[in-house]
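Residue 217 in my numbering sits at position 233 of the sequence shown; the count goes up by one each step and never skips.
Backbone N, C-alpha and C define an ideal beta-carbon position, used for all residues, glycine too.
Quick caveat, the model's predicted, so the values are computed rather than measured.
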Amino acid sequence: MDLLTLERTTTKKVTLRLIPFLFLCFVIATLDRVNIGFAALQMNEDLGFSNAVFGLGAGIFFLGYFLLEVPGSAMMTKIGARKWISRIMVTWAVIAILMAFVQTPWQFYTARFFLGVAEASFYPCMVYYLSGFYQTKHHAKAIAGFMLAIPGANALGSPLSTFLLSIDWLGFAGWQWLFILEAIPALILGVTAYFYLDDKIEDVRWLSKEEKNWLMDVTTKENLKKQEVKHYTFAQALKDRDVLFLSLSYFFWMMGYYGINMFLPTISKGLSEITSLSIQNMGWLLGLMYFCAMVIMIFVGNHSDKKNERRWHVAICLTISAISMVASSYIAETSIILSFVFLTVALCGAFGAYSPFWAIPPSFLTGAAAGGAIALINSVGNLGGFFGPYIVGYIKDATGSFHNGMIFLGASMIIGSLIILFLVKQSGKALNSTEDKNIYQIKIKKSS
-15 MDLLTLERTT TKKVTLRLIP FLFLCFVIAT LDRVNIGFAA LQMNEDLGFS NAVFGLGAGI
45 FFLGYFLLEV PGSAMMTKIG ARKWISRIMV TWAVIAILMA FVQTPWQFYT ARFFLGVAEA
105 SFYPCMVYYL SGFYQTKHHA KAIAGFMLAI PGANALGSPL STFLLSIDWL GFAGWQWLFI
165 LEAIPALILG VTAYFYLDDK IEDVRWLSKE EKNWLMDVTT KENLKKQEVK HYTFAQALKD
225 RDVLFLSLSY FFWMMGYYGI NMFLPTISKG LSEITSLSIQ NMGWLLGLMY FCAMVIMIFV
285 GNHSDKKNER RWHVAICLTI SAISMVASSY IAETSIILSF VFLTVALCGA FGAYSPFWAI
345 PPSFLTGAAA GGAIALINSV GNLGGFFGPY IVGYIKDATG SFHNGMIFLG ASMIIGSLII
405 LFLVKQSGKA LNSTEDKNIY QIKIKKSS
């Protein structure tokens, strides 16, 4: 088998084995994280929560996430990603079910905080895990493959969540069933992950001996090349200049993204009242918006890998998202349809930036250092998810309008794009592997 065919078949097998399963796990994770926005359509009224109370409860998830993200990732590098993914999913499923029984603001805050604690390090664990099975040049496509779960969960979750709000069984309200029924799949997948995933390439049984040897060889060579440039420990990676700027950029990005994401159902409900759109139909409309974001994620990830460029892809996507987000808020006063169009573009831009952004850390860090860096970036970034919803909720209560809140969110995303473009030195480009290909061709000829 020639090298190009070997690379193609091995990469395809890895993708078919890992991406669909990790995609499904991440769908459930995203669903259990953001369904609070749909629950708010009933829960806030039933429990008497103000926009500020809801914003704090929605955002405090990320405070727990922030505190346990790096320690959790350190633990993951020691015990293995397979066990850690399983533990995370089972734990958060139990806490997500308990969300159905909150009655007071403090119970709400506590449940959301511990949900963040339970889910901490899940995302960096997934990125770290995939980086061990792919060449650097395939990272953006691989990351985009399972990160499609974010818009995918919203595309599925929007109509599903609005449907669950309409049920009334056994004396429980729709928002309570929403939390319970959307948490059960996490329990099932958490147990399955323990038996389905393999910690290392050496452990897999679904690759041929030749494919396994090629994949171990090429990933080992890439790791050695990266270590020649930066050979970091877990702790040293946390102090790297580019890692810190990536963290800061992600903070401003997530502050903008989660602010709009958490309040999107509430904003859409206000717009739907003007057009007499039912809650269920609104769910389908939101699902269509997130489906468009999925398409853009695939396109941007493929284009980023093809051009071997990351930073400009991220900056352009975030800038488009910021401008469209603010425009949507103001255009809503004159054209609801055009407002939804701009809101869809804003979502597409925010999601499109994901895969090229997360292809940067594994391009210059390896092993535990990569795991630590990804964890730090994600934890600091998601801390922005705490401030975004709370500030938007506070501004909405103070002014009675989402306009100023949208301007704040848009400005945050612009700042994030400028940091990634002008302050981050690492380009995220794949290493030149021409030399490695020639070496491997010689090895094949010798062995034959």
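In this structure, Ala359 lies away from Ser115, with their beta-carbon atoms at least 7 Å apart. For Thr120, the number of other beta carbons within 10 angstroms of its own is at least 16, and it is reported as buried.
Per DSSP, the unbroken alpha helix (DSSP H) holding Arg71 starts and ends at 65 to 82. The C-beta of Thr328 has 16 or more other C-beta atoms within 10 Å across all chains shown, which makes the residue buried. If you compare the alpha carbons of Leu15, Trp159, Pro108 with that of Val86, the shortest gap goes to Trp159. Straight across, the Cα-Cα distance linking Trp68 with Cys109 is about 8 Å. Considering only Glu186, Asp289, Leu208, the residue with the shortest C-alpha distance to Trp198 is Glu186. Tyr112 sits buried, since 16 or more C-beta atoms from the chains shown fall within 10 Å of its C-beta. Secondary structure of Phe38 (DSSP, three-state): helix. With a beta-carbon spacing of about 18 Å, Gly336 and Val408 fall beyond the 8 Å limit used to define contacts.
Under DSSP, the beta-bridge partners assigned to Phe156 are Trp153. A straight line joining the alpha-carbon of Ser34 with that of Met390 spans about 19 Å. Ser312 counts as buried, since no fewer than 16 other beta carbons sit within 10 angstroms of its beta carbon. Annotated three-state conformation of Thr204 is helix, per DSSP.
The Cβ atoms of Tyr274 and Ala128 do not sit closer than 7 Å to each other. Residue range 320 to 336 is occupied by the alpha helix (DSSP H) that includes Val325. Beyond the five residues adjoining it in sequence on each side, Ile344 comes within less than 7 Å, by CB distance, of Leu230, Arg294, Gln410, Gly412 in the same chain, given in chain order. Counting of Cβ neighbours within 10 angstroms places Ile134 among the buried residues, the total reaching 16 or more. As the crow flies, the alpha-carbon of Ala353 is around 22 Å from that of Ile403. Where Val101 is concerned, the enclosing alpha helix (DSSP H) starts and stops at 89 to 103. A direct Cα-to-Cα measurement between Ser192 and Ala102 gives close to 37 Å.
In this structure, DSSP gives Gln410 a state outside helix and strand, which the three-state scheme calls coil.
Per the coordinates, the alpha-carbon of Ala80 lies some 12 Å from the alpha-carbon of Ala23. The distance from the Cβ of Ala157 to that of Gln26 is about 6 Å, consistent with a contact at the 8 Å cut-off.
Look at Val298 here: in three-state DSSP terms it is helix.
Cα atoms of Leu144 and Pro346: separation of roughly 35 Å, rounded to the nearest angstrom. In the structure shown, Ser363 adopts helical secondary structure according to DSSP, grouped into three states. Fewer than three beta-carbon pairs drawn from the stretch 364 to 376 and the stretch 307 to 324 are found closer than 8 Å, and the two stretches are therefore not classed as touching. Contact check for Asn362 against Glu29 fails: the beta carbons are separated by 7 Å or more. Beyond the five residues adjoining it in sequence on each side, Gly240 comes within less than 6 Å, by CB distance, of Leu393, Ser396, Met397 in the same chain, given in chain order.
In summary, Ser401 is buried, with 16 or more beta-carbon neighbours lying within 10 Å of its beta-carbon over all protein chains present. Excluding its 5 nearest sequence neighbours in each direction, Cys276 has C-beta neighbours in its own chain below 7 Å: Thr328, Cys332, listed in chain order.
A check of alpha carbon separations from Phe5 across Phe130, Ile315, Ile307, Val310 identifies Phe130 as the nearest.
Relative to Leu148, the option among Ala84, Arg1, Asn286 whose CA is nearest is Ala84. Per the coordinates, the alpha-carbon of Arg(-8) lies some 12 Å from the alpha-carbon of Leu0.
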